[in-house]
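Heads up: the sequence shown begins at 27 in our numbering, then just goes up one per residue. All C-beta atoms, glycine included, are put in the ideal place defined by N, C-alpha and C. A quick write-up on the structure given underneath.
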Amino acid sequence: MSFLRRLFGGGARSGDDRGLHLYIKCQRCGAPVHVRLDLNNDLSADEYDDTAADGYHVIKEVMDDRCFRIMRAELRFDNRRREISREIEGGAFISPEEYEELRAAKAGPRV
Ligand SMILES: [Zn+2]
Numbered sequence: 027m028s029f030l031r032r033l034f035g036g037g038a039r040s041g042d043d044r045g046l047h048l049y050i051k052c053q054r055c056g057a058p059v060h061v062r063l064d065l066n067n068d069l070s071a072d073e074y075d076d077t078a079a080d081g082y083h084v085i086k087e088v089m090d091d092r093c094f095r096i097m098r099a100e101l102r103f104d105n106r107r108r109e110i111s112r113e114i115e116g117g118a119f120i121s122p123e124e125y126e127e128l129r130a131a132k133a134g135p136r137v
């Protein structure tokens with residue numbers, strides 16, 4: 027039992043790496059795309075006159091590897107870099123589970 031726990035149990039998580047993982051599905055061909063944003067480096071500060079940054083935003087262009095269409099994701103964050111909202115053009119946000127399923131389906135048809 028303890029052997030299994032070591033295999034699947036805790037300790038594997040590497041903690042907060044300041045990364046935000048986006049899972050996106052192309053609207054045209056349905057291909058799944060995974061993008062990692064670095065919350066320390068990828069965000070741009072919103073500036074309001076000369077006051078301190080009130081929040082952050084990031085615009086990320088993402089391309090799938092099937093139809094090579096560009097999807098444009100835009101995310102907004104508060105001044106503590108917590109996500110407030112996300113939008114995407116040309117695709118849709120999906121869950122990590124959905125992403126894995128789509129990838130598995132793409133990997134090869136099982137007959
Ligand atoms: Zn596509």
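For residue i, list the residues DSSP reports as bridge partners.
i: E109; result: F103
i: K51; result: P58, A118
i: D64; result: G45
For residue i, which residues in the same chain have their Cβ closer than 6 Å to its Cβ, ignoring the five residues on either side in sequence?
i: P122; result: Y49
i: R129; result: P58
i: M27; result: Caution applies to M27, whose pLDDT of 48 falls short of 50 and renders its modelled position unreliable; the value that the coordinates give is listed next. If we look at M27 and ignore the five residues flanking it on each side, it has no Cβ neighbours.
i: M89; result: I96
i: H18; result: Residue 18 is absent from the structure shown; the chain starts at 27 and stops at 137.
Are residue i and residue j close, meaning C-beta to C-beta below 9 Å?
i: R92; j: A57; result: yes
i: R98; j: E109; result: no
Among residues of its own chain, excluding the 5 on either side of residue i, which ones have a beta-carbon nearer than 8 Å to its beta-carbon?
i: R54; result: C93, R95, G116
i: E124; result: Y49, K51, P58
i: G45; result: R62, L63, D64, L65
i: H83; result: L69, S70, D72, E100, L101, R102, F103
i: I120; result: Y49, I50, K51, P58, L128
i: N105; result: A78, A79, D80, G81, Y82
Tell me whether residue i counts as near ligand 2, meaning its Cβ is closer than 8 Å to at least one heavy atom of that ligand.
i: R54; result: In the structure on display, ligand 2 does not appear, and the ligands it does have are ligand 1.
Of all the CB atoms in chain D, is at least one closer than 9 Å to the CB of residue i?
i: S121; result: In the structure shown, chain D does not exist; there is a single protein chain.
Entirely enclosed beta strand (DSSP E) segments - the region 72 to 99, minimum 3 residues: The region 72 to 99 contains these whole beta strand (DSSP E) runs: 81 to 89.
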